[in-house]
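Taken in sequence, the protein lines are chains A and B.
The working numbering numbers the first residue of the first sequence as 40 and each following residue consecutively.
The working numbering numbers the first residue of the second sequence as 40 and each following residue consecutively.
Heads up, the beta-carbon is just placed ideally off N, CA and C, and yes, glycines get one too.
Structure record follows, encoded as structure tokens.
Number of protein chains: 2
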Amino acid sequence: MTRKADPAAVPARAITKEDVARAAGVSHITVSRVINTPEKVSPATRERVESFISSMGYIPNMLAGGLASRRTRIVAAIVPTISHSIFAETVRGLSEQLSLQGYQLLLGQTNYSEDAETGLVEAFIGRRVDGLVLTGVQHSARTRQRLKAAGIPVVETWDLSPQPIDMLVGFDNHAAGQAMGDYLVRKGYRRMAFVGGDDPRGLARFAGMRDALLAQGAPEPVHLVVPMGSFLQAGRETICRLLALQPDIEATFFSNDVMAAGAALECARRGIAVPQRMALAGFANLEIATEVLPALTTVQISAHQIGLTAAEMLLTRFDGQTVPEPLCDLGYSILEREST
Amino acid sequence: MTRKADPAAVPARAITKEDVARAAGVSHITVSRVINTPEKVSPATRERVESFISSMGYIPNMLAGGLASRRTRIVAAIVPTISHSIFAETVRGLSEQLSLQGYQLLLGQTNYSEDAETGLVEAFIGRRVDGLVLTGVQHSARTRQRLKAAGIPVVETWDLSPQPIDMLVGFDNHAAGQAMGDYLVRKGYRRMAFVGGDDPRGLARFAGMRDALLAQGAPEPVHLVVPMGSFLQAGRETICRLLALQPDIEATFFSNDVMAAGAALECARRGIAVPQRMALAGFANLEIATEVLPALTTVQISAHQIGLTAAEMLLTRFDGQTVPEPLCDLGYSILEREST
DNA sequence: GTGAAAGCGCTAACAC
DNA sequence: GTGTTAGCGCTTTCAC
Chain A
40 MTRKADPAAV
50 PARAITKEDV
60 ARAAGVSHIT
70 VSRVINTPEK
80 VSPATRERVE
90 SFISSMGYIP
100 NMLAGGLASR
110 RTRIVAAIVP
120 TISHSIFAET
130 VRGLSEQLSL
140 QGYQLLLGQT
150 NYSEDAETGL
160 VEAFIGRRVD
170 GLVLTGVQHS
180 ARTRQRLKAA
190 GIPVVETWDL
200 SPQPIDMLVG
210 FDNHAAGQAM
220 GDYLVRKGYR
230 RMAFVGGDDP
240 RGLARFAGMR
250 DALLAQGAPE
260 PVHLVVPMGS
270 FLQAGRETIC
280 RLLALQPDIE
290 ATFFSNDVMA
300 AGAALECARR
310 GIAVPQRMAL
320 AGFANLEIAT
330 EVLPALTTVQ
340 ISAHQIGLTA
350 AEMLLTRFDG
360 QTVPEPLCDL
370 GYSILEREST
Chain B
40 MTRKADPAAV
50 PARAITKEDV
60 ARAAGVSHIT
70 VSRVINTPEK
80 VSPATRERVE
90 SFISSMGYIP
100 NMLAGGLASR
110 RTRIVAAIVP
120 TISHSIFAET
130 VRGLSEQLSL
140 QGYQLLLGQT
150 NYSEDAETGL
160 VEAFIGRRVD
170 GLVLTGVQHS
180 ARTRQRLKAA
190 GIPVVETWDL
200 SPQPIDMLVG
210 FDNHAAGQAM
220 GDYLVRKGYR
230 RMAFVGGDDP
240 RGLARFAGMR
250 DALLAQGAPE
260 PVHLVVPMGS
270 FLQAGRETIC
280 RLLALQPDIE
290 ATFFSNDVMA
300 AGAALECARR
310 GIAVPQRMAL
320 AGFANLEIAT
330 EVLPALTTVQ
340 ISAHQIGLTA
350 AEMLLTRFDG
360 QTVPEPLCDL
370 GYSILEREST
């Protein structure tokens with residue numbers, strides 16, 4: 040078997056529009072039209088070219104296309120982490136909606152580091168992505184400046200901002216924390232704790248809760264900051280620590296459902312009655328919040344919808360249109376369940 | 040305020056190497072060298088060029104670079120779904136390792152559809168990704184052929200294959216299922232069930248379990264196929280259905296820990312003693328397996344390591360070197376906990 | 001309906 | 001150490 044006859048042999052160079060054009064007896068621009076604007080080609084040539092495209096296994100080089108057209112059909116998303124499902128739903132929504140229109144998703148993870156975000160933004164601008172989805176509204180000066188200079192559509196998510204870079208889809212973290220604080224006070228809890236990360240959204244939720252408690256005459260809540268990472272375990276360990284240090288705490292509000300679920304599991308293990316001895320509340324209304332025992336009171340937000348809406352905004356802009364509501368507040372609501 | 044004077048104005052066109060070169064009084068190729076091979080430029084010019092790069096906010100166009108160099112520094116990964124953490128850990132490992140070397144991750148989700156995978160593979164080849172990471176070893180003929188023709192490094196993951204496309208890092212799903220079957224028989228269980236999706240890996244795990252039970256003289260296990268989606272809930276519902284239909288089942292092996300955890304939660308809710316009345320086993324050793332009550336016996340595999348190893352294999356190949364062990368079996372082990 | 005020419009911004013190969 | 005030349009494969013613009 041000679042090298043040449045081997046059908047599985049890897050060709051030295053990929054097939055180009057030129058190759059297809061030559062085979063079909065047309066110019067490469069006609070091949071381009073068959074792919075991008077088929078209505079501008081006569082049915083006869085179109086069919087011939089199409090048959091050659093498929094028989095030769097031609098796959099257009101989108102790098103070259105993007106360079107020439109200045110459109111890559113790539114959207115980048117930057118999230119703190121893809122694990123533990125908090126942002127995974129948003130990414131899923133984005134990816135679903137985008138792929139419907141032939142766009143691809145470039146993914147970046149910051150591990151909650153602003154420097155990492157800055158680096159990723161530059162890398163993605165270098166890739167000439169058509170649009171960018173950011174988590175949160177707090178970004179380095181350098182990021183904001185680069186984004187402005189690049190002039191590409193940007194959607195900030197998961198928060199609201201007085202000065203958005205461009206578009207935004209999220210909800211008010213401070214108000215959501217406040218609403219939970221109000222709710223817990225109304226339920227009769229007074230001595231409370233908040234457990235969350237030191238990211239801007241977690242801090243805003245705490246501030247909201249604290250404001251609510253103080254306004255209602257309840258004591259300042261204990262604030263426990265946990266490193267981002269293994270969430271269930273963090274919830275379990277935190278509730279232990281809390282009960283040891285401040286046995287009089289009556290309710291704990293966790294910045295996310297996974298941590299709250301970890302706490303609920305630990306309470307079950309140690310025979311701590313929830314909510315009688317300790318009430319538990321979470322954030323995000325993830326699946327685990329309804330499934331754990333007792334089911335968790337939580338703040339319902341629309342993680343998946345954030346992704347869908349962000350994608351729609353971007354697609355509208357790519358289409359040359361103006362987004363009617365570039366600042367979208369998806370809101371939140373308190374979901375009362377058995378844990379409080 | 041004139042348009043021109045506005046410092047925030049978006050320039051008509053992005054800054055190029057040419058622009059930087061002109062400002063620094065060198066040729067564009069020198070700018071290119073400063074960025075790609077700084078050691079080949081004299082310290083004096085290097086510093087000057089660097090200062091212009093940073094003051095002008097120049098970001099290289101990697102589209103053009105990729106077209107010219109035939110290297111995009113992009114790796115694509117295709118997973119069934121990013122939600123529910125089963126593959127999220129692999130993606131995280133990949134992304135971590137790749138970003139260390141300046142590579143970016145293009146992500147695709149198939150929702151367990153082979154057609155979707157085929158489409159994504161073509162789209163990614165069109166983007167001229169430097170490498171591709173696939174989930175599983177079962178792919179359409181078209182996918183295999185496209186991949187072969189493209190000649191790019193490919194890593195298949197999460198399974199073993201007699202005929203890998205290129206490289207592979209995974210474990211033997213059949214053997215893992217068998218090991219769990221053997222273990223459960225050894226523990227004295229006889230009437231058992233398996234719950235999983237109809238994806239190749241889930242089916243292989245079931246087949247392994249069945250082979251083990253039959254070989255040991257236990258009855259054929261009941262096989263419940265569940266749609267992929269909300270896993271905790273699926274686990275809960277399945278265990279209800281199972282107890283209603285086959286009350287004599289003594290142990291259930293779930294194709295993933297999240298489903299098994301859902302079942303454990305439901306058993307707790309209904310006062311079903313685990314493992315006395317019903318033993319539960321999961322797969323993957325996710326965080327939830329250790330945190331749920333009772334902690335779940337599971338098959339430990341290395342989801343994160345799969346991503347790391349895949350990235351290392353690709354990087355080695357990008358570096359022009361040969362991967363010493365292109366077929367990597369990461370193995371598995373039975374982790375015995377309280378649920379069996 | 002189809003094609004020719006120009007150029008997107010960069011790197012590779014080869015000069016000097 | 002630095003520059004010149006020639007593409008990479010495509011789309012855009014303008015002819016025909």
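query: What does a CB cutoff of less than 6 Å around B/I278 pick up in its chain, not counting 5 residues either side in sequence?
result: A302, E305
query: Taking Cβ-Cβ distances shorter than 7 Å, what residues in chain A pair up with B/G105?
result: L102
message: If I follow the unbroken alpha helix (DSSP H) through B/H213, where does it start and stop?
response: 212-225
- request: Using a threshold of 9 Å, state whether the C-beta atoms of B/T291 and B/A328 are closer than that.
  value: no
- prompt: So, are the CB atoms of A/R185 and A/E161 less than 9 Å apart?
  reply: For the pair A/R185 and A/E161, the CB atoms are nearer than the 9 Å cut-off.
task: May I ask you to list, following chain order, the residues of the region 290-317 of chain A that have a beta carbon less than 7 Å from some beta carbon of chain B?
output: G301, L304, A307, R308
- request: Report buried or exposed for B/G359, applying the criterion of at least 16 other Cβ atoms within 10 angstroms of its Cβ.
  value: exposed
query: What residues in the region 156-170 of chain A have a beta carbon less than 9 Å from any beta carbon of chain B?
result: Those residues of the region 156-170 of chain A that come within reach of chain B (Cβ to Cβ, closer than 9 Å) are G158, L159, E161, A162, F163, I164, G165, R166, R167.
query: Unbroken beta strand (DSSP E) runs of length 3 or more, entirely within the region 95-130 of chain A: which are they?
result: Taking only runs of at least 3 residues, the beta strand (DSSP E) segments lying wholly in the region 95-130 of chain A are 113-118.
message: Among A/L366, A/E326, A/A307, A/I68, whose alpha-carbon lies nearest the alpha-carbon of A/A127?
response: Of the candidates A/L366, A/E326, A/A307, A/I68, the one whose C-alpha sits nearest the C-alpha of A/A127 is A/E326.
- request: Go ahead and pull the three-state DSSP assignment for B/I288.
  value: Residue state, collapsed to three classes: coil.
message: Quick check: what's the CA-CA separation for B/L374 versus B/V80?
response: 56 Å
message: Does any residue of chain A have a CB that is nearer than 9 Å to the CB of B/R185?
response: yes
- request: Name, in chain order, the residues that DSSP records as bridge partners for B/D58.
  value: Answer is none; B/D58 lacks a bridge partner.
Burial state of B/G310 (16 or more Cβ within 10 Å): exposed
field: Spatial distance of B/A342 from B/L253 (CA atoms)
entry: 30 Å
query: Of all the alpha helix (DSSP H) runs that stay within the bounds of the region 254-334 of chain A, which reach a length of 4 or more residues?
result: Entirely contained in the region 254-334 of chain A, the alpha helix (DSSP H) runs reaching 4 residues are, in chain order, 270-284, 296-309, 326-330.
message: Any heavy atom of the ligand MN closer than 8 Å to the beta-carbon of A/G132?
response: Judged by which ligands are present, the structure shown has none, so any question about the ligand MN falls away.
field: Assigned exposure category for B/N100 - 16 Cβ within 10 Å defines buried
entry: buried
task: Would you list, in chain order, the members of the region 128-139 of chain B that have their beta-carbon closer than 7 Å to a beta-carbon of chain A?
output: E128, V130, R131, S134
For B/T69 and B/A60, believed in contact at Cβ under 8 Å, the rounded distance: At roughly 7 Å, the Cβ-Cβ gap stays under 8 Å, so B/A60 and B/T69 are in contact.
- request: Specify, as a first and last residue, the run of the beta strand (DSSP E) that B/D154 falls within.
  value: Not the beta strand (DSSP E): B/D154 falls in the alpha helix (DSSP H), residues 153-165.
field: Members of the region 194-212 of chain A near chain B, C-beta cut-off 8 Å
entry: Within the region 194-212 of chain A, no residue qualifies.
Near-chain B residues of the region 71-97 of chain A (beta-carbon distance less than 9 Å), N- to C-terminal order: G96
field: Buried or exposed by the 16-neighbour rule on C-beta atoms within 10 Å, applied to A/L139
entry: exposed
message: On the DSSP letters alone, give me the boundaries of the beta strand (DSSP E) that B/A232 sits inside.
response: Looking at the DSSP string, the run of the beta strand (DSSP E) that includes B/A232 is 231-235.
message: With the cut-off set at 9 Å, would you say B/S87 and B/A115 are in Cβ contact?
response: Strictly speaking, residue 87 of chain B in this sequence is Arg, with Ser absent from that position. No. Outside cutoff.
message: Rounded to whole angstroms, what is the Cα-Cα separation between A/I98 and B/A189?
response: 9 Å
- prompt: When DSSP labels each residue in this structure, what does B/G209 get in the three-state scheme?
  reply: Strand, per DSSP.
query: Can you pull the DSSP bridge partners for B/E89?
result: DSSP output for B/E89 lists no bridge partner at all.
Nearest-angstrom Cα separation, counted from A/T196 out to A/V208: 5 Å
- prompt: Is it right to say B/M40 is buried, meaning 16 or more other beta carbons lie within 10 angstroms of its own, or is it exposed?
  reply: Any reading at B/M40 needs caution, since the residue's pLDDT is 35, under 50, leaving its predicted position unreliable; the model's value is listed next. If you draw a 10 Å sphere on the C-beta of B/M40, you find fewer than 16 other C-beta atoms in it, and that means exposed.
- prompt: Do you know offhand how far A/H123's Cα is from A/M267's?
  reply: 10 Å
query: What span of residues does the beta strand (DSSP E) with A/V194 cover, start to end?
result: Counting along the chain, the unbroken beta strand (DSSP E) around A/V194 starts and ends at 193-196.
- prompt: Which residues in the same chain have their Cβ closer than 8 Å to the Cβ of A/D45, if we skip the five residues on either side of it in sequence?
  reply: Note that A/D45 scores 41 on pLDDT, short of 50, meaning its location in the model is unreliable; the coordinates nonetheless yield the value given after this. Same-chain partners within the cutoff: there are none.
- request: Count the other C-beta atoms from every protein chain shown that fall within 10 angstroms of the C-beta of A/N295, then say buried if there are 16 or more, exposed otherwise.
  value: buried
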